[in-house]
Amino acid sequence: MTELKLPSIDYAALAPTLIMLAAALFGVLVEAFVPRRLRHVVQLTLALLAVLAALTMVVLNADDRLITAGQAIAIDGPTLFLQGAILVLAAMALLLIGERTVERGGAFVAQAAVTAESAEDQRQAEGKNGATEVYPLTTFAIGGMLIFVAANDLLTMFIALEVFSLPLYLLCALARRRRLLSQEAAMKYFLLGAYASAFFLFGVALIYGFTAGTPGRSAGVDFATINAAVGGSPASPVLLFAGMALLAIGLLFKAAAAPFHVWTPDVYQGAPTPITGFMAACTKVAAFGALLRVFHVAFAGASWDFTPVLGAVAVLTMLVGAVLAVTQTDIKRLLAYSSIANAGYLLVGVLAPSKDGLSGTMFYLVAYGFSVLAAFAVVTLVRDADGEATHLSRWAGLGRRSPFYAGLFTFILLAFAGIPLTSGFTSKFAVFGPALADGQGWLVIAGVLTSMVLAFPYLRVVVMMWLSEPGESTPTVTVPGGLTSAALMIGVVATLVLGVAPAPLLDLATGAAEFVR
Numbered sequence: 216m217t218e219l220k221l222p223s224i225d226y227a228a229l230a231p232t233l234i235m236l237a238a239a240l241f242g243v244l245v246e247a248f249v250p251r252r253l254r255h256v257v258q259l260t261l262a263l264l265a266v267l268a269a270l271t272m273v274v275l276n277a278d279d280r281l282i283t284a285g286q287a288i289a290i291d292g293p294t295l296f297l298q299g300a301i302l303v304l305a306a307m308a309l310l311l312i313g314e315r316t317v318e319r320g321g322a323f324v325a326q327a328a329v330t331a332e333s334a335e336d337q338r339q340a341e342g343k344n345g346a347t348e349v350y351p352l353t354t355f356a357i358g359g360m361l362i363f364v365a366a367n368d369l370l371t372m373f374i375a376l377e378v379f380s381l382p383l384y385l386l387c388a389l390a391r392r393r394r395l396l397s398q399e400a401a402m403k404y405f406l407l408g409a410y411a412s413a414f415f416l417f418g419v420a421l422i423y424g425f426t427a428g429t430p431g432r433s434a435g436v437d438f439a440t441i442n443a444a445v446g447g448s449p450a451s452p453v454l455l456f457a458g459m460a461l462l463a464i465g466l467l468f469k470a471a472a473a474p475f476h477v478w479t480p481d482v483y484q485g486a487p488t489p490i491t492g493f494m495a496a497c498t499k500v501a502a503f504g505a506l507l508r509v510f511h512v513a514f515a516g517a518s519w520d521f522t523p524v525l526g527a528v529a530v531l532t533m534l535v536g537a538v539l540a541v542t543q544t545d546i547k548r549l550l551a552y553s554s555i556a557n558a559g560y561l562l563v564g565v566l567a568p569s570k571d572g573l574s575g576t577m578f579y580l581v582a583y584g585f586s587v588l589a590a591f592a593v594v595t596l597v598r599d600a601d602g603e604a605t606h607l608s609r610w611a612g613l614g615r616r617s618p619f620y621a622g623l624f625t626f627i628l629l630a631f632a633g634i635p636l637t638s639g640f641t642s643k644f645a646v647f648g649p650a651l652a653d654g655q656g657w658l659v660i661a662g663v664l665t666s667m668v669l670a671f672p673y674l675r676v677v678v679m680m681w682l683s684e685p686g687e688s689t690p691t692v693t694v695p696g697g698l699t700s701a702a703l704m705i706g707v708v709a710t711l712v713l714g715v716a717p718a719p720l721l722d723l724a725t726g727a728a729e730f731v732r
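If you want it as structure tokens, here you go:
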């Protein structure tokens, strides 16, 4: 009779994830037992304290390099760096989510079950307090992301993918205004996300079949087994290539890379703006964290095979993002195509096999996250009586009506365009430099050319804000509350500091750029 042994678990190493999931479960109990008038403060405080506690544990675990939970979770430099990035950016997003003074009641619907466009829907839009269920949903999503970047086998990665995706599908449908657009966005995201998850799971099955028969190992989907199978499995390589392709579809969907990007503009436009910012920053960190681990650890031996394909995806992503951004008339859709183009630039870093490529990609993720959250913080402030004014024509003359916030937004757009002395320039240099050194010059050329194209829509917005006369339809910029002000200032200051003095974060990323295997 075989004796079963429980896997050893290092609970201190898993503490950041456990804290966030415990806070999410406690948030559900808050919804059940705390009076409605107190829930907002209690839930926001709980979520922020949980993020702070989890971040503290990440710092305390900084020297850990181990694989725990039965080979399912890897705690190493990239894991800890990316978990820290997710938590810092999530704290900024929670500040935007918790804001209740910019719009009375907040950005979220008071009761999700109310029929869109009905009389009751109109009444709740005028000032009822928004649903506080968004906080446990957000903390569940953060917990899933922390597992996603630490997963050391494909099944754990799939479970983490669903843990953070399902709350996001719900959160996208909870906008206070333009409810039908919000619900349509959530439905598109859910249906396409379900297909992407199915592709990922089918890829897991094919990779499991490929690992069978590897000398000295039993079949499995942990990354060490997959890496050994790439170099020594007697199975047909068709299983490997098909499995890699299906896994890549699931991951590239979350990363918003072309041609798996079609959900991005609609979801970014329809979701509540704080959730859009949360997705643009934190989901991108999680998706690329998983891509880095899968292709640098599990499939490192097959880099000769997947680099040309992923390189073509990167070029296509940069082209689609840059060219279609030029045609956009809505600021949230413009930022969505900007996010798509940035996914292409990040893929350039993913395909650089050196340590510098890994560290540059991680730096880029952090720098972009700060900038994009600051951008969406400004978007929440430009509004009229009907809510946010996101059509670009409404932004004409904004610089004369509110020069301070138009100036901040101009600075953020210049960072997106990669102008020197901003984090955008440093980020692109951090991923293009290693790619050029590793012989990926064609990707760098594509990145530079598309960056030039992408600068046009950014500069067009700048020209509209500063050189156009404000019209009757030009909205005002609402005075931000303390939470939005804090998030905006953190994002702007980080964008400036990472452009002027990026060395500390680059050194931290370089020191963390080594996977355990």
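Residue numbers (our numbering): 216 to 732. Glycine included, every Cβ here is placed at the ideal spot set by N, Cα and C.
- Message: Please return the same chain residues whose Cβ sits closer than 6 Å to the Cβ of A551, not counting the five positions on each side in sequence.
- Response: T479, P480, Y483
- Query: Do you know offhand how far S688's Cα is from R609's?
  - Reply: 6 Å
- Task: Tell me where the alpha helix (DSSP H) around I546 begins and ends.
- Result: 546-565
- Would you call the CB atoms of P685 and R598 closer than 8 Å? no
- Residue burial classification, F619 (beta-carbon count within 10 angstroms, cutoff 16): exposed
- Query: DSSP on G602, reduced to helix/strand/coil?
  - Reply: strand
- From the DSSP output, in three-state form, read off A390 for me. strand
- Nearest-angstrom Cα distance between L416 and G424? Roughly 13 Å separates the two Cα atoms.
- Query: alpha helix (DSSP H) containing S488: first to last residue?
  - Reply: In the sequence as displayed, the identity of residue 488 is Thr instead of Ser. Note, T488: alpha helix (DSSP H), 488-493.
- Do you know offhand how far A621's Cα is from G614's? Their backbone Cα atoms lie some 5 Å apart in a straight line.
- Euclidean distance between Cα positions of V172 and P690: Nothing can be reported for residue 172: it is not among the residues displayed for the chain, which extend from 216 to 732.
- Thinking Y583 and A632 are a contact (beta carbons under 8 Å), I'd like their distance in whole angstroms, please. Beta-carbon to beta-carbon, Y583 and A632 are separated by about 13 Å, too far to satisfy the 8 Å threshold.
- Query: Counting Cβ pairs closer than 8 Å, one from the segment 265-280 and one from the segment 464-474, do we hit at least three?
  - Reply: no
- Query: What number of angstroms, rounded off, separates the C-alpha of T693 from the C-alpha of T522?
  - Reply: 47 Å
- Give me the Cα-Cα distance between P452 and L506, rounded to the nearest whole angstrom. 21 Å
- In the structure shown, what three-state DSSP assignment does D368 receive? Note: D368 maps to strand in three-state DSSP.
- Can you tell me where the beta strand (DSSP E) with T283 in it begins and where it stops? 281-283
- Item | Residues near A457 by beta carbon distance below 8 Å, same chain, minus five either side | G418, L421
- Item | DSSP bridge partner residues for D437 (one or two, in chain order) | Partner(s): D368.
- Item | Separation of M360 from R371, as counted between CA atoms | Note that residue 371 is Thr in the sequence shown here, rather than Arg. Between T371 and M360, the C-alpha separation is close to 12 Å.
- Thinking D437 and D368 are a contact (beta carbons under 8 Å), I'd like their distance in whole angstroms, please. Contact between D437 and D368 holds: their C-beta atoms lie close to 4 Å from each other, under 8 Å.
- Can you check the segment 245-327 for any alpha helix (DSSP H) of at least 4 residues that lies completely inside it and give the ranges in chain order? 251-275, 292-313
- State whether the segment 260-272 contacts the segment 235-243, with contact taken as three or more CB pairs (one from each stretch) at a distance under 8 Å. yes
- Task: Can you tell me the Cβ-Cβ gap for G435 and P351, rounded? I've got them flagged as a contact below 8 Å.
- Result: About 34 Å; that fails the 8 Å criterion.
- Just tell me which of G358, G639, P487 has its CA closest to the CA of E603. P487
- Message: For a quick check, are the C-beta atoms of T576 and G559 less than 8 Å apart?
- Response: no
- Query: Does DSSP put V243 in a helix, a strand or coil?
  - Reply: helix
- Message: Rounded to the nearest angstrom, what separates L561 and V646 at their Cα positions?
- Response: 7 Å
- What does DSSP give as the partner residues of V597 in its beta bridges? V692
- Task: Report, in whole angstroms, the separation of the C-beta atoms of L534 and L566, which I expect to be a contact under 8 Å.
- Result: About 16 Å separates the two Cβ atoms, so there is no contact after all.
- Message: Let's see if you can read the secondary structure: which residues bound the alpha helix (DSSP H) around K343?
- Response: In the DSSP assignment, K343 falls outside any alpha helix (DSSP H) and carries neither an H nor an E.
- Query: For G358, which of T316, G321, L395, G299 has the nearest alpha-carbon?
  - Reply: G299
- Would you grab the beta carbon distance between F624 and V593 for me? Rounded to a whole angstrom, and I think it's under 8 Å. 5 Å
- If you compare alpha carbons, which of P649, F585, L573 is closest to A727? L573
- For S638, three-class secondary structure by DSSP: helix
- Task: Between the Cα of F355 and those of L240, L607, E218, I546, spot the shortest distance and give me the residue it belongs to.
- Result: Closest in alpha carbon position to F355, among L240, L607, E218, I546, is L240.
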